[in-house]
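Participant:
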Amino acid sequence: MVLYTSPFPNSFLSVLHSFSWGLIFPCYWLADRLVGSFVPTTYEKRQRADDPCYFHALCIIITTPIYLALLVASLPFALIGFLLWSPLQSARRPYIYSRLKDKNHANGATLLTEWKAAGSGKSFCFGSANVCLLPDSLARFNNVFNTQARAKEIGRRIRNGASRPQIKIYIDSPTNTSISAASFSSLVSPQAGDNRTVNAGIRRTTSMEYKGDNCGSNNGEENREDKGGSGEPHEGEENTCIVRINGEENGHMSDTEADTVNGQAHASGPAEPSLEGDAEVSKTPNHKQKEGDSGSLDSCSASRESLVKVRVGDGTVDQSTVNNKLLYKASIMKKTSVRKKKHTDETFDHEISAFFPANLDFLCLQEVFDKRAAEKLKEQLHHYFEYIVYDVGVYSCHSCCSFKFVNSGLLFASRYPVMDAAYHCYPNGRGMDSLASKGALFLKVQVGCTPQDQRIVGYISCTHLQAIAGDTTVRCEQLDMLQDWLSEFRKSTSSSSTANPEELVAFDVLCGDLNFDNCSSEDKLEQQHSLFTHYKDPCRVGPGEDKPWAIGTLLDPEGLYDEEVCTPDNLQKVLESEEGRKGYLVYPTSKNHGSSQKGRKASLKGNGRRIDYMLYTEEGLYLEWKVEVEEFSFITQLAGLTDHLPVAMRLMVSTGEDDP
1 MVLYTSPFPN
11 SFLSVLHSFS
21 WGLIFPCYWL
31 ADRLVGSFVP
41 TTYEKRQRAD
51 DPCYFHALCI
61 IITTPIYLAL
71 LVASLPFALI
81 GFLLWSPLQS
91 ARRPYIYSRL
101 KDKNHANGAT
111 LLTEWKAAGS
121 GKSFCFGSAN
131 VCLLPDSLAR
141 FNNVFNTQAR
151 AKEIGRRIRN
161 GASRPQIKIY
171 IDSPTNTSIS
181 AASFSSLVSP
191 QAGDNRTVNA
201 GIRRTTSMEY
211 KGDNCGSNNG
221 EENREDKGGS
231 GEPHEGEENT
241 CIVRINGEEN
251 GHMSDTEADT
261 VNGQAHASGP
271 AEPSLEGDAE
281 VSKTPNHKQK
291 EGDSGSLDSC
301 SASRESLVKV
311 RVGDGTVDQS
321 TVNNKLLYKA
331 SIMKKTSVRK
341 KKHTDETFDH
351 EISAFFPANL
361 DFLCLQEVFD
371 KRAAEKLKEQ
381 LHHYFEYIVY
391 DVGVYSCHSC
401 CSFKFVNSGL
411 LFASRYPVMD
421 AAYHCYPNGR
431 GMDSLASKGA
441 LFLKVQVGCT
451 PQDQRIVGYI
461 SCTHLQAIAG
471 DTTVRCEQLD
481 MLQDWLSEFR
491 KSTSSSSTAN
501 PEELVAFDVL
511 CGDLNFDNCS
521 SEDKLEQQHS
531 LFTHYKDPCR
541 VGPGEDKPWA
551 IGTLLDPEGL
561 YDEEVCTPDN
571 LQKVLESEEG
581 RKGYLVYPTS
591 KNHGSSQKGR
601 KASLKGNGRR
611 IDYMLYTEEG
621 LYLEWKVEVE
631 EFSFITQLAG
641 LTDHLPVAMR
651 LMVSTGEDDP
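Mapping the sequence shown onto UniProt numbering, position 517 (from 1) lands on 517, and the numbers just tick up by one.
1) Could you give the distance in angstroms between the alpha-carbon of V2 and the alpha-carbon of Y587?
2) From L641 to V131, what does the alpha carbon distance come to, in whole angstroms?
3) Measure from the alpha carbon of T5 to the alpha carbon of each residue in P26, S98, L70, then state which is nearest.
4) Are the beta-carbon atoms of K152 and K376 separated by less than 7 angstroms?
5) So, do the segment 633-653 and the segment 570-580 have three or more beta carbon pairs nearer to each other than 8 angstroms?
6) Excluding the 5 residues preceding and the 5 following D537 in the sequence, name in chain order all residues of the same chain whose CB lies nearer than 7 angstroms to its CB.
7) Do F362 and F126 have their C-beta atoms within less than 7 angstroms of each other?
8) Applying the criterion that 16 or more other CB atoms from any shown protein chain within 10 Å of the CB defines a buried residue, is G220 buried or exposed?
9) At the level of alpha carbons, what is the spacing between L70 and P26?
10) Work out the CA separation of F489 and T463 for me, nearest whole Å.
11) Tell me I352's beta-bridge partners as DSSP assigns them.
12) Quick check on F532: does DSSP put it in helix, strand or coil?
13) Identify whether A91 lies in helix, strand or coil by the three-state DSSP scheme.
14) Taking the beta carbon of E367 as the centre, do at least 16 other beta carbons fall within 10 Å, making it buried, or is it exposed?
15) By Cβ distance below 8 angstroms, which residues in the same chain neighbour H534 in space, the five residues on each side in sequence not counted?
16) Would you call the CB atoms of I460 and L479 closer than 7 angstroms?
17) With burial defined as no fewer than 16 other Cβ atoms inside 10 Å of the residue's Cβ, what is the status of G22: buried or exposed?
18) If you follow the beta strand (DSSP E) that S461 is part of, which residue opens it and which one closes it?
19) Leaving out five residues before and five after R33 in sequence, what residues of the same chain have Cβ atoms less than 7 angstroms from its Cβ?
20) Would you tell me roughly how many angstroms separate the C-alpha atoms of P7 and R581, rounded to the nearest one?
21) Between Q454, T450, L75, L465, which has its C-alpha nearest L410's C-alpha?
22) Could you tell me the distance, in whole angstroms, from the CA atom of G559 to the CA atom of V565?
23) Between E346, T113, A440, F145, which has its C-alpha nearest L510's C-alpha?
24) In the DSSP assignment, find the alpha helix (DSSP H) that holds G512 and state where it starts and stops.
25) Return the chain-ordered list of same chain residues with a C-beta closer than 6 angstroms to the C-beta of H17, the five sequence neighbours on each side being excluded.
26) Determine the closest residue to E522 out of F55, C476, A550, E628, with distance taken between C-alpha atoms.
27) Identify, in the order they occur along the chain, each residue of the same chain with its Cβ nearer than 6 angstroms to the Cβ of F124, setting aside the five sequence neighbours on each side.
28) Might you give, ordered along the chain, the residues of its own chain that have their beta carbon closer than 8 angstroms to the beta carbon of residue 663, omitting 5 neighbours on each side?
29) Is the beta carbon of G36 closer than 7 angstroms to that of D102?
30) Let me check understanding here. Comparing Cα to Cα, which of E628, S414, M419 lies closest to S492?
31) How is K524 classed by DSSP in three states: helix, strand or coil?
32) What do you reckon, are the CB atoms on N407 and S437 nearer than 7 angstroms?
33) Taking 7 angstroms as the cut-off, decide whether the C-beta atoms of I158 and F356 are in contact.
34) Within 10 angstroms of the Cβ of E624, are there 16 or more other Cβ atoms? Answer buried if so, exposed if not.
35) Buried or exposed: which applies to K45, given that a residue is buried once 16 or more other Cβ atoms fall within 10 Å of its Cβ?
36) Considering only residues of the same chain and omitting the five flanking positions on each side of P543, which have a CB-CB separation below 6 angstroms?
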C-alpha cells in the first residue's frame, strides 16, 4: 500500500487548494476571534477580577466593530474561495504521512535491527491523549484557549517526557533476584560530561547520558557490564539506566520510612538543569512554569514523586543503607508496591505519573482539528518520533453523507516505520459531531525482523466516537463498524499464510476517546458490546465495574486553572486521593447532582468517567508468542493544556525462547 505524503495527487491541485484556502482564511480567522472574545475562560475571569485595571469590556467595545467590518469585507473573497475549495476535496487524500527528513536524527531503520525475536522478548509502549486542539473559539467552551501556543507546548512536553532515559532499579535480596521495577517514570539524566561519583553501593550498568531531543537512538553497547545476578534487560531496550541496591535480610521498609527517604533524596543534590536549551517558555497563562512544575522538564526542580519508581520485593531495605546508596540527583518516589497493597493480585504495575513514559514508541492523539495547530504539534513531535500521520479525515461532502467542516482530529506518531494506513469515516454522526469527519485510523507498523528475514509487525488503531450524551445507539453502531473495519484492514494488509508466514504479528492495540465510561448506568449498552470480548481492557473487571486503581480521564473544565491542579505534579498529587478526584474529575451523571463535581463529598461510584481507552488483543498474533501488560499509567503532564488525562500502556511480547 502506498502511503500518501501529500494531500493531493499533483502539485497543481495543491497550489489551487492553497489559493482557495488563502481566500477563506481571513474570514475564518476573524470569525474565530470575534466569537472567542465573548467566551472567556475561568483563568481570564480570575485575571480580570484580580486586576482592576483590566478593561475587558472596553476592549470588546473597541474591537467588535472592527472585527465585524473586516469580516463583512472578507465574506466575498471567502465565498469565492469556498466555491474552489469544496469540489477539490473529492480529490483529497484521507491523510498525510510525514517522515523526518533529517537523516542525523532518523533511527527507525536502526530500531528494526534491535529485535530479532531470537532471544528474550521486547516491550512496546503506547500512549493516547485527547488534546482539544479545536479552533480557539470552540476550545473555549471546554475552558481552554490559545490553541496555537497549546499545540506547541503539548508537543514539547510529550517529546521531553518520552525522550528521558528509562530507569530500572534492581534490589538484591536473598529471596528475590528478579527485576524489581521497570518504571515508566524516569530520572532526569545528567548532562554530557557530568561525571560525578556514584556511591559504591549502587552499580550503574548502563550509560544514562542524555543524547538530546531525539533520544530514540539505542545506546546499546555503550558502557554495558555483566548482566548476571538480578536478571537482564530485554533485548532492544534503549536509554536505560540500571541501578542495583543490595537488600538486608529480615527487615522491611515501612510507608513512613519510604516517605522519609523520598524527602531526603529530593534534598540531596542541586536542582536539575533544563533538558532542552532552546526551549521557549510559553506566554500563555495556562502554560506558565511554576516552581515544582516538572511537566516539561524545564523547571528549576525535578519532580519529587515522578522521577524514579521503586518496588521492594521479598527482600528488605534498611533506611540507613538506602540513604547511603542513593544515586546522585535521584528522587525515590513513593513505592508503587506500597501504594498498591490493596491490589496485590494485579499482575502489572500501574501509576499516576507526572511524565509521559520514557521510550514511548507509539502515540495516538484525538481532537487535533485545527490545521495550523497540527503543523506546530507535528514539528515538535518530529524531534522524537520519526514517522507521523496527521490531517486525517475528509472534508466537504466527499465519502460521507453530510458536509464535513473539519477533519477527524486523529494523529499518529511512531518511532517505527509505518507500512500501511487506512481511514474510515463514521457515516452516522449526529448533531455537532456530524460536522467533523470522526472515524477510525488503522495502521500497520514494522517493529523487527527475524534471522529468517520474516517481518515482525504490529497493528494499531485509533478512533474517536460520538460525543453527545445519550447517543448510545450511535456509539454502538460505530463500535460495530469499527470491528468490521479492523477485520477488513487485517485481511487486506496481511501478506502471509499459516503454512508460510512472511510476517509475525507481535501486537494488536486499539485506543482512543470512546466517549463512554464503564461505570455509568447510562452506558450499559456500550459496556456490554462484543468489542470487549475480543479486546482486553487492563482497567476493567467487567461491564459496569473498573479495577479499584483505575481513575477517570475526563477533568472538570471549571477547575483546570486551580492552583491545586494547574501543574503536572500538583494534579498528580490531587488525583492520588479520593477527595481530590471527587473535586477535579467528572463523574458519571446522576439525576441528583449537577454537572460540576467540584467540592462534592457524597459517595460516588467508581473513580470518575474513564472515557479514554487503551485496549489490546491476543487474537491473530503469532501462536508461539504471548502478550502481557507490563505497566499502565494515567499521565498528568498536560495539566492546564487539555481537559483529558492521557493514558499509556507498556506491552511485553514474550517469545517462545523466554519460556523456561
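All residues carry an ideal CB built from backbone N, CA and C; glycine is no exception.
Facilitator: The short version:
1) Position 2 of the sequence shown, counted from the first residue, corresponds to residue 2. Position 587 of the sequence shown, counted from the first residue, corresponds to residue 587. Cα to Cα, V2 sits roughly 44 angstroms from Y587.
2) Your numbering for residue 641 matches position 641 in the sequence shown. Your numbering for residue 131 matches position 131 in the sequence shown. So the two alpha carbons sit approximately 7 angstroms from each other.
3) Translated into positions along the sequence shown, residue 5 becomes position 5. With distances taken between Cα atoms, T5 lies closest to S98.
4) Here residue 152 is taken as the residue at index 152 of the sequence shown, counted from 1. Here residue 376 is taken as the residue at index 376 of the sequence shown, counted from 1. Result yes, Cβ atoms of K152 and K376 sit closer than 7 angstroms.
5) Of all C-beta pairs linking the segment 633-653 to the segment 570-580, three or more are shorter than 8 angstroms, placing the two stretches in contact.
6) Against the sequence shown, residue 537 aligns to sequence position 537. So the qualifying residues of the chain are Y613, L615.
7) Walking along the sequence shown from the start, residue 362 turns up at place 362. Walking along the sequence shown from the start, residue 126 turns up at place 126. Their beta carbons are under 7 angstroms apart, which means F362 touches F126 by this criterion.
8) Looking up residue 220 in the sequence shown gives position 220. Note that G220 scores a pLDDT of 39, beneath 50, so its modelled location is shaky and nothing firm can be said.
9) Here residue 70 refers to the residue found at position 70 of the sequence shown. Here residue 26 refers to the residue found at position 26 of the sequence shown. Cα to Cα, the separation comes out at about 9 angstroms.
10) Locating residue 463 in the sequence shown gives position 463, counting from the first residue. Locating residue 489 in the sequence shown gives position 489, counting from the first residue. About 14 angstroms.
11) Along the sequence shown, one-based indexing puts residue 352 at 352. Answer is F634, bridged to I352.
12) One-based indexing of the sequence shown puts residue 532 at position 532. Helix at F532.
13) Position 91 of the sequence shown, counted from the start, is the residue given in the question as residue 91. A91 falls in the helix class under three-state DSSP.
14) Here residue 367 refers to the residue found at position 367 of the sequence shown. E367 is buried by the Cβ-count criterion.
15) On the sequence shown, position 534 is the one that residue 534 refers to. Result list for H534: Q483, T617, E619, in chain order.
16) Position 460 of the sequence shown, counted from the start, is the residue given in the question as residue 460. Position 479 of the sequence shown, counted from the start, is the residue given in the question as residue 479. Going by C-beta atoms, I460 is not nearer than 7 angstroms to L479.
17) What you label residue 22 is simply residue 22 of the sequence shown in a count that begins at 1. G22 should be labelled exposed.
18) For the purposes of this step, residue 461 is identified with residue 461 of the sequence shown, where counting begins at 1. S461 -> beta strand (DSSP E) spans 455-464.
19) Counting from 1 along the sequence shown, the entry for residue 33 is found at position 33. Only Y67 meet the Cβ criterion.
20) Taking the sequence shown and counting its residues from 1, the one referred to as residue 7 is at position 7. Taking the sequence shown and counting its residues from 1, the one referred to as residue 581 is at position 581. Spanning the two alpha carbons is a distance of roughly 43 angstroms.
21) Position 410 of the sequence shown, counting from 1, holds the residue named residue 410. Comparing Cα positions, the closest option is L465.
22) Taking the sequence shown and counting its residues from 1, the one referred to as residue 559 is at position 559. Taking the sequence shown and counting its residues from 1, the one referred to as residue 565 is at position 565. So the two alpha carbons sit approximately 8 angstroms from each other.
23) By 1-based counting over the sequence shown, the position of residue 510 is 510. It is A440.
24) For the purposes of this step, residue 512 is taken as residue 512 along the sequence shown, with counting starting at 1. G512 -> not in any alpha helix (DSSP H); beta strand (DSSP E) instead, spanning 503-513.
25) On the sequence shown, position 17 is the one that residue 17 refers to. Contacts found: L88.
26) Translated into positions along the sequence shown, residue 522 becomes position 522. Nearest C-alpha to E522: C476.
27) The residue you call residue 124 lines up with position 124 of the sequence shown. Answer for F124: D361, L651, listed in chain order.
28) A question about residue 663 goes unanswered here, because the residues of the chain that appear run from 1 up to 660.
29) Residue mapping note: residue 102 aligns to position 102 of the sequence shown, counting from 1. Residue mapping note: residue 36 aligns to position 36 of the sequence shown, counting from 1. No, the pair does not count as a contact, with Cβ atoms beyond the cut-off.
30) Residue mapping note: residue 492 aligns to position 492 of the sequence shown, counting from 1. Nearest C-alpha to S492: M419.
31) Here the question's residue 524 lines up with position 524 in the sequence shown. In the structure shown, K524 sits in a helix (DSSP, three-state: H, G or I).
32) Translated into positions along the sequence shown, residue 407 becomes position 407. Translated into positions along the sequence shown, residue 437 becomes position 437. Annotated as proximal: N407 and S437, with beta-carbon spacing under 7 angstroms.
33) In the sequence shown, counting from the first residue as 1, residue 158 sits at position 158. In the sequence shown, counting from the first residue as 1, residue 356 sits at position 356. Judged by beta-carbon spacing, F356 lies within the 7 angstroms limit of I158, meaning their Cβ atoms are closer than that value.
34) Translated into the one-based positions of the sequence shown, residue 624 becomes position 624. That one is exposed.
35) Residue mapping note: residue 45 aligns to position 45 of the sequence shown, counting from 1. Exposed: under 16 other Cβ atoms inside 10 Å.
36) Residue mapping note: residue 543 aligns to position 543 of the sequence shown, counting from 1. Same-chain partners within the cutoff: Q527, Q528.
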